[in-house]
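Numbered according to the working numbering, the sequence shown spans residues 890 to 1166.
Glycine residues also receive a C-beta, built at the ideal position from the N, C-alpha and C atoms.
The structure under discussion appears below in the form of structure tokens.
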Amino acid sequence: MLLRFGFGRQTGLPLLGETTGLLRKPSLWSARSKPTITIGQEISVSAVQLITAATALANGGVLLKPLIVKRIVSPDGKVIREYSREPLWEAVSTDTAAEMLGFMEFATSPVGTARRAAVPGVRISAKTGTAQVATSSGGYSDKDFIASMIGMFPTEDPRFIVYVVMENPKGESYYGSTIAAPIFHDVAVGLIDSVGIPREGTRTLTRPGAVEVPVPRQVEIGTVMPNLIGMPKRLILPLLVRRDISVTITGSGYVVKQDPAPGAAIQSGMKILLELK
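Right under this line is the structure:
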């Protein structure tokens, strides 16, 4: 089962030097290995391995291959290559995955270990962790720890997996529930708000992700002097080619003063002075 969740093997990231972690063959396990591995000893995993394992719970029991790059785009905007979801194999049944998400959701309840990670109105399935660091002598340290928390949300249809790890925290606490969960909360709130995941009991406003910017028209002078205050230089330059009037532009930037004033009648041979800053 550990192998089916991707432990003990590389995840297949396109990077050199990825670790396989540590997972001994069951034939080498002792009588206490099963309960020991259950609490995170006699095994080591990378952060990517743990997130990959979580994809099985978030994806109806099917493990997904992790990706780093979504697409490669050329300078002119052409998509050169795009990477999509790549299911690997079924780790657990759909029912088991849903049941596990339900168990993990309880951790973010007011009495759960991950209660500091909870975001009101959004269901979150989580697991906190506090692991002793292995020593060079083969045992485990009683001073160095790894505090962590992994969470998936929204529970009913997970879109995000967030994994927070703090190595050898120094302070009043070293528990994942105390110091990793609040960090998860802040990250989750940012993601929820940025992509517009609705929160139960709140009103969500949506707007299109694009705006239309009108292209300003070049200035035209007819029979009456228009108000040019605030106009950029690039829009008034075409006035210099007029043969029936004389236009003098001083400075650069935007029009701050004009002569004649707006509303004056335009006559052939008239001189127009525009000051820019």
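In the DSSP annotation of this structure, LYS1032 is not part of any alpha helix (DSSP H); the continuous beta strand (DSSP E) holding it starts and ends at 1029-1042. Put simply, of ARG960, SER916, SER1062 and GLY1142 the residue whose alpha carbon is nearest the alpha carbon of LYS1166 is GLY1142.
Among the bridge pairs identified by DSSP, TRP978 is matched with LEU952.
DSSP places GLY991 within a helical segment (H, G or I) once states are collapsed to three. Residue pairing of GLY1018 in beta bridges, as defined by DSSP: SER1037. Sixteen is the threshold: when 16 or more other Cβ atoms of the shown chains lie within 10 Å of the Cβ of GLY895, as they do, the residue is buried. Annotation for LYS954: GLY901, GLU975 and LEU977 place their beta carbon closer than 6 angstroms to its own, counting only its chain and skipping 5 residues before and after. For GLU1056, the beta-bridge partners assigned by DSSP are ILE1035. Shown here, ARG970 sits in a strand according to DSSP, grouped into three states.
Taking 7 angstroms as the cut-off, the Cβ atoms of ILE932 and ILE940 do not count as close. If the five residues before and after THR1044 are omitted, its C-beta is found closer than 7 angstroms to the C-beta atoms of LEU990, GLU994, ARG1012, ILE1013 and SER1014, all from its own chain and listed in chain order.
When DSSP reads this structure, TYR1143 sits in a beta bridge with PRO1121. VAL962: member of the beta strand (DSSP E) spanning 960-962, first to last residue. Less than 7 angstroms separates the beta-carbon of GLY1040 from that of ALA1006.
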